[in-house]
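Peer 1:
In this note's numbering, the protein residues as written are 1 to 199.
(1) Can you give me the Cβ contacts of residue 114 inside the same chain, cut-off strictly under 6 Å, excluding the 5 residues immediately before and after it?
(2) Who are the Cβ neighbours of residue 162 in its own chain at under 7 Å, not counting the five residues just before and after it?
(3) Residue 124 and residue 102: beta carbons closer than 8 Å?
(4) Contact between the segment 23-33 and the segment 57-73: three or more CB pairs below 8 Å?
(5) For residue 271, count neighbouring Cβ atoms within 10 angstroms of its own Cβ and tell me buried if that reaches 16, exposed if not.
(6) Please classify residue 140 as buried or exposed, where buried requires at least 16 neighbouring CB atoms within 10 angstroms.
(7) Return yes when the Cβ of residue 152 is within less than 8 Å of the Cβ of residue 121, no when it is not.
(8) Just how far apart, CA to CA, sit residue 177 and residue 106?
(9) For a test of the three-state rule: what should DSSP assign to residue 21, helix, strand or coil?
(10) Of the residues 191, 36, 94, 22, which one's Cα is nearest the Cα of residue 60?
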């Protein structure tokens with residue numbers, strides 16, 4: 001493995017996210033400007049302003065689509081791993097592997113055919129999402145899989161518990177989609193197929 005920071009340029013995840021956001025943007029850019037012709041009470045903006053209302057509405061909804069796209073780009077920004085120093089960098093901030101304390105499947109019920117992601121969190125706040133299954137095929141292979149397994153092995157991931165279930169016997173059902181350290185490693189090695197439960 002290479003020394004220093006190795007970035008997870010997660011091309012499959014970006015492809016999947018881009019497809020989802022593009023669907024949303026098309027809907028916003030088609031249905032948003034059409035709302036200029038309708039009103040919940042009184043005159044519609046088109047009736048009040050005439051044809052000038054259409055470019056104004058289109059500009060406004062284009063701004064909404066742009067904000068959605070930029071937010072998606074920020075949320076899906078790549079993270080990096082420095083194996084020698086046992087550090088993970090999420091959105092510009094560096095953390096120890098041991099600071100990673102939460103692992104969760106996204107979506108929790110694993111019912112999307114497009115893919116399945118593993119979400120890792122540092123102290124429950126800073127999160128990174130890694131696409132582990134694209135369609136029916138594993139998305140993390142080779143060196144990247146080994147790095148991800150090293151992060152999980154050095155982490156302090158535990159499944160959440162509640163005061164009503166102190167032993168954690170039912171944590172899998174109380175907190176769907178959450179994983180312990182062994183479960184997170186298992187889904188990286190062999191991602192569950194659509195509608196299969198996580199470990």
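By construction, the Cβ of each residue, glycine as well, lies at the ideal position given by its N, Cα and C atoms.
Note that the structure is predicted; figures quoted are calculated from it, not measured.
Peer 2: The structure says:
(1) The residue given as residue 114 occupies position 114 in the chain shown. Hits under 6 Å: 16.
(2) On the chain shown, position 162 is the one that residue 162 refers to. These residues qualify, in order along the chain: 174.
(3) Here residue 124 is taken as the residue at index 124 of the chain shown, counted from 1. Here residue 102 is taken as the residue at index 102 of the chain shown, counted from 1. Yes.
(4) yes
(5) A query on residue 271 cannot be resolved here, the shown segment of the chain reaching from 1 to 199 and no further.
(6) Walking along the chain shown from the start, residue 140 turns up at place 140. Under this definition residue 140 is a buried residue.
(7) Position 121 of the chain shown, counting from 1, holds the residue named residue 121. Position 152 of the chain shown, counting from 1, holds the residue named residue 152. Result no, Cβ atoms of residue 121 and residue 152 do not sit closer than 8 Å.
(8) Indexing the chain shown from 1 puts residue 177 at position 177. Indexing the chain shown from 1 puts residue 106 at position 106. C-alpha separation (whole angstroms): 7 Å.
(9) On the chain shown, position 21 is the one that residue 21 refers to. Three-state result, residue 21: helix.
(10) Against the chain shown, residue 60 aligns to sequence position 60. Ranking the options by Cα distance to residue 60, first place goes to 36.
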